[in-house]
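Numbered according to my numbering, the sequence shown spans residues 1093 to 1527.
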Amino acid sequence: MMKGRRIYREVLRVLVCLVFLSLSVSPIRAADPEVEELKRLLQQVMEENRRLAQRVNELERRLEAYEKEAEKGEKPVPAEKTWYQRMNLGLSVAGVVHGVVGADREVLRDEDKGYAATAVDLEAAVEFSEKDRAYLLLEMGSGKNPEDEVESFSGIIDESLSMVPVATDDGEVRISEAWYEHDFLWGTSRLRLRAGKIDITTDFDTNEYANDENEQFISPIFINNIAVEWPDYGFGAMLWFESKKVDLGLGYADANGDWENIFDYPFLIGQITLRFEPWGRPGNYRFYAWYNGEKHAEIKGNDENERGYGVGISLDQELLEGVGFFLRYGWQNDEVYPYDQALSGGFSLSGRFWGRPEDALGLGAGVAFLSNDYEDMLEAEGVNTADEYHLEIFYRFRVNDYLRLTPSLEWTDNPAGYEDRDDFWVFTLRAFFEF
């Protein structure tokens, strides 16, 4: 339309010039029939140009109105879509096999021991509109967690894979998440409110390279900050303001997840996320503070009404295409927790460098720093103490669109802060099937 409008304008200019030239050459020629015809054509072109301009203005007005409606997020889900067309279902199965080597005989019945576990997830998500959605996650698991016998702060396998620490019978189905979410939109920003049975870690303390126990690191120290006493799955709510460069989040959850006296012992968290692009590479920098309202007994002293609290950092930064760096740090109340600080970091490398872009190699290192009160308590019992160190390396191999295999190796030194305990190794093979 705009191109046609410019052509008409050029034609109009040419015709006007011709008319002016013709009329100025000689008064005699002013009455020439050809000149009269030219005038008539000129009037037709001007009239057509006027109608075209009106049409273009109308189209521009409609486009502007449509863009404003789109920014408000008021475009509804098409009426012709049925409920099942607005629903997405997902099924995943994860299986793990561990081999623990080197742990003290006083800890294990056998110095070398094997473990296995499997977990099945079924999720359903439905969008009622562009601003309203609901989500349901069912989980079932069966297996043996090596952490039941091999104590450490860093952990060996995340709870969502082992399923053993969950307060259900072996193989029993549980509802892990069931929530409703609504967006309040304006411009390019939005205010997002979620409430129901939630997992607070799906939105807080996230990380691009160290946050997925199925396809990234398997040890808890590289999945979430271990210097945070996270709540169990239970009633909660979160409110997020999200924009292009900055996110602000507030979260509430029942600290113990037992659905009783849900406001008496809250877990509260606030986070700010900043997005930068140094060297033209995306990075996310998260800073948060938290509070756990459950009653805690002091390590030293008689106060059994102490509360948990702390601060944390989680950042991820792409260094090169296919190369990422992550870092986490946390500090927590040293009067009630055996370690008051935790630090972890590492790298993720895409398989694109060796012709397998869907594969990934990860290397992580972490340390749990013992609190002074915990060290004093152990040393009073004649125990030599030291900070706990943990390493993990994994390689994720993409078999096909649905299956990934991930062998990994973990090493832990000074487990649970006991310097005299042997360090140990854990060899793990994960299989993750998803469709």
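Don't be surprised by glycine CBs; every beta carbon is placed ideally from N, CA and C. Predicted model only: the values in this text are computed from it and were never measured.
Could you spell out where the beta strand (DSSP E) holding residue i opens and where it closes?
i: A1472; result: Segment 1464-1472 is the alpha helix (DSSP H) holding A1472; no beta strand (DSSP E) there.
i: A1529; result: Outside the shown range of the chain, which is 1093 to 1527, sits residue 1529, and nothing can be said about it.
i: D1512; result: Run containing D1512: none; DSSP gives neither H nor E here.
i: D1408; result: 1398-1412
i: P1499; result: 1495-1505
i: W1382; result: 1375-1388
i: F1082; result: The structure shown does not extend to residue 1082, since the chain is modelled only from 1093 to 1527, so the question has no answer here.
Given a threshold of 16 other Cβ atoms within 10 Å of its Cβ, counted over all protein chains shown, does residue i qualify as buried or as exposed?
i: D1557; result: Not covered by the structure: residue 1557. The range shown for the chain is 1093 to 1527.
i: D1240; result: exposed
i: A1347; result: buried
i: Q1308; result: buried
i: V1242; result: buried
i: V1518; result: buried
i: E1273; result: buried
i: R1378; result: buried
i: M1138; result: exposed
i: T1174; result: exposed
i: P1238; result: buried
i: F1368; result: exposed
i: F1486; result: buried
i: R1488; result: buried
i: E1471; result: exposed
i: Y1176; result: exposed
i: L1412; result: exposed
i: G1474; result: exposed
Quick check: the Cα distance between residue i and residue j, rounded to an integer number of angstroms?
i: N1394; j: V1428; result: 11 Å
i: A1508; j: I1391; result: 15 Å
i: M1179; j: V1218; result: 4 Å
i: I1267; j: Y1227; result: 11 Å
i: P1312; j: P1449; result: 26 Å
i: D1515; j: D1505; result: 4 Å
i: S1406; j: Y1466; result: 26 Å
i: E1398; j: P1430; result: 14 Å
i: L1183; j: E1152; result: 46 Å
i: I1248; j: Y1158; result: 53 Å
i: S1244; j: I1354; result: 30 Å
i: S1463; j: S1436; result: 17 Å
i: E1269; j: W1371; result: 39 Å
i: L1501; j: A1460; result: 19 Å
i: E1511; j: G1458; result: 17 Å
i: F1439; j: E1150; result: 55 Å
i: G1288; j: E1264; result: 21 Å
i: D1356; j: G1447; result: 55 Å
i: D1304; j: A1478; result: 29 Å
i: D1250; j: S1221; result: 34 Å
i: R1373; j: Y1301; result: 14 Å
i: L1521; j: L1155; result: 55 Å
i: D1339; j: W1271; result: 21 Å
Taking 8 Å as the limit between beta carbons, can you name the residues of its chain near residue i, skipping five residues before and five after?
i: S1118; result: Because S1118 carries a pLDDT of 47, less than 50, the predicted location of this residue cannot be relied on, and the following value inherits that uncertainty. Cβ within range, chain order: n/a, list empty.
i: T1210; result: V1185, A1186, G1187, V1188, G1233, S1234, G1235
i: A1569; result: Limits of the chain in this structure are 1093 at one end and 1527 at the other, which puts residue 1569 out of reach.
i: V1169; result: The predicted position of V1169 is uncertain, since its pLDDT is 48 and thus under 50; no value can be drawn from it.
i: D1451; result: S1442, G1443, Y1487, R1488, F1489, R1490
Looking only at its chain, what residues have a beta carbon closer than 7 Å to the beta carbon of residue i, apart from the 5 residues adjacent to it on each side?
i: W1423; result: A1319, G1402, V1403, D1432, Q1433
i: F1296; result: G1341, G1343, I1361, Q1363, Y1380
i: K1336; result: T1280
i: P1125; result: none
i: T1293; result: N1316, W1322
i: N1349; result: A small fix is needed here, since residue 1349 is Gly in this sequence, not Asn. Contacts found: P1323, D1324, Y1325, G1326.
i: W1351; result: G1326, F1327
Residues in the same chain with beta-carbon distance under 6 Å from residue i, minus the five sequence neighbours each way, listed in chain order, please.
i: Q1409; result: G1375, F1417
i: N1384; result: E1321, A1347, F1359, G1400
i: L1495; result: F1525
i: H1482; result: S1246, I1313, G1458, T1504
i: L1283; result: F1276, F1333
i: A1523; result: G1187, L1497
i: R1531; result: A query on residue 1531 cannot be resolved here, the shown segment of the chain reaching from 1093 to 1527 and no further.
i: Y1207; result: H1190, K1236, P1238
i: R1225; result: E1219, E1273
i: L1455; result: G1438, F1439, I1485
i: A1259; result: Caution applies to A1259, whose pLDDT of 43 falls short of 50 and renders its modelled position unreliable; the value that the coordinates give is listed next. Closer than 6 Å at Cβ, skipping near neighbours: no residue.
i: D1213; result: S1184, E1231
(request) Ignoring anything shorter than 3 residues or poking outside the stretch 1204-1283, list the beta strand (DSSP E) runs there in chain order. (result) The stretch 1204-1283 contains these whole beta strand (DSSP E) runs: 1205-1219, 1224-1235, 1265-1278.
(message) Threshold first: 4 residues or longer. Then list the alpha helix (DSSP H) segments lying entirely within the stretch 1415-1487, N to C.
(response) 1464-1472
(request) With a floor of 3 residues, list each beta strand (DSSP E) that falls wholly inside the stretch 1285-1349, ordered by position along the chain. (result) 1326-1334, 1338-1346
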